[in-house]
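J.: Numbering (the working numbering), first residue to last: 112 to 337. For each residue, glycine too, the CB sits at the ideal point set by N, CA and C. Could you have a look at this structure, given as structure tokens, before my questions?
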DNA sequence: AAGTGTCTCAACCGCAGCCGC
DNA sequence: CGCGGCTGCGGTTGAGACACT
């Protein structure tokens with residue numbers, strides 16, 4: 112009877128399914144409520160994190176593209192460790208993902224880059240927390256453009272194009288990966304996420320009994336289990 | 001093949017800001 | 001206006017995967 116004991120650690124497939132279902136019903140802004148009514152014994156924070164970083168259907172998976180990497184570099188130079196803000200400029204990427212990416216890939220590059228720089232006494236902005244401590248922004252941007260021959264205009268063009276490509280066939284892309292059948296089905300039927308979130312308004316009417324929720328999700332289990 | 005080191009990424013924690021009462 | 005609850009953000013951790021010896 113330890114029902115009140117909060118669960119921690121990795122999420123199970125079943126928990127994922129339950130969470131998706133409840134987010135579907137109540138929207139993605141009422142985490143505490145979802146945590147309570149879902150019976151997951153997780154905190155609202157935990158539910159939100161799981162959704163945002165893993166279950167959200169718009170998420171891209173896999174390696175960062177060179178364009179994304181450049182954008183991360185440029186935005187980090189501009190904003191510092193404002194990961195969520197940076198993430199908003201990279202559709203399908205989460206703040207957590209970018210944060211991790213920065214720590215691993217970029218830091219690694221920084222170390223490599225640092226070696227020759229240490230001889231010149233120049234400080235790499237990779238090592239900084241961003242604009243406050245880094246070299247002047249102009250210098251950094253110039254550094255990128257000189258080094259890569261790739262301007263921010265080019266980057267934004269790429270992003271615009273990739274967004275166009277990405278957003279429209281998103282369902283297809285997403286379905287190619289081990290993705291959520293349910294949401295793909297929803298999207299195929301032109302149900303946008305905005306409209307799903309608006310379902311919140313009718314939440315009280317739409318509350319499904321738990322058993323019904325599960326059976327609904329048996330339909331789309333494969334994407335979660337792989 | 002086994003042991004060890006390194007890397008990756010999901011998840012947790014603490015804090016700050018926002019909002020309703 | 002102050003308080004309490006909730007959400008979101010950034011930093012950190014740790015388990016599992018992978019690479020190397």
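#1: On the premise that residue 186 lies in contact with residue 162, defined as a C-beta separation below 8 Å, what is that separation, rounded to the nearest angstrom?
#2: I need the DSSP call for residue 216, collapsed to helix, strand or coil.
#3: Take the Cβ of residue 184 as the centre, count every other Cβ of all protein chains shown within 10 Å, and call the residue buried at 16 or more, exposed below.
#4: Roughly how many angstroms lie between the CA atoms of residue 117 and residue 153, to the nearest whole one?
#5: Could you tell me which of 209, 189, 137, 212 sits nearest to residue 159, measuring between CA atoms?
#6: Counting only the same chain and skipping the five closest in sequence on each side, list residues whose C-beta sits under 7 Å from that of residue 122.
#7: Does DSSP put residue 175 in a helix, in a strand, or in coil?
#8: Suppose you measure from the CA of residue 126 to the CA of residue 200; what does that come to, to the nearest Å?
#9: Quick check on residue 119: does DSSP put it in helix, strand or coil?
T.: Quick look at the numbers:
#1: Stepping through the first chain from its first residue, residue 162 is reached at position 51. Stepping through the first chain from its first residue, residue 186 is reached at position 75. Actually they are not in contact, since the Cβ atoms of residue 162 and residue 186 sit about 24 Å apart, beyond 8 Å.
#2: Locating residue 216 in the first chain gives position 105, where the first residue counts as 1. Three-state DSSP puts residue 216 in a helix.
#3: Taking the first chain and counting its residues from 1, one reaches residue 184 at position 73. Classification of residue 184: buried, given that the 10 Å Cβ count is 16 or more.
#4: Mapped onto the first chain, residue 117 falls at position 6. Mapped onto the first chain, residue 153 falls at position 42. Taking the straight line joining both Cα atoms gives about 5 Å.
#5: Residue 159 sits at position 48 when you count from the first residue of the first chain. Restricting attention to 209, 189, 137, 212, the CA atom closest to the CA of residue 159 is found in 137.
#6: Start at 1 with the first residue of the first chain, and residue 122 comes out as number 11. Once the five neighbours on either side are set aside, the close Cβ partners of residue 122 are 161.
#7: Position 64 of the first chain, counting from 1, holds the residue named residue 175. Correct three-state label for residue 175: coil.
#8: To locate residue 126, count along the first chain from 1; it is residue 15. To locate residue 200, count along the first chain from 1; it is residue 89. Cα-Cα distance, rounded: 30 Å.
#9: Counting from 1 along the first chain, the entry for residue 119 is found at position 8. Coil.
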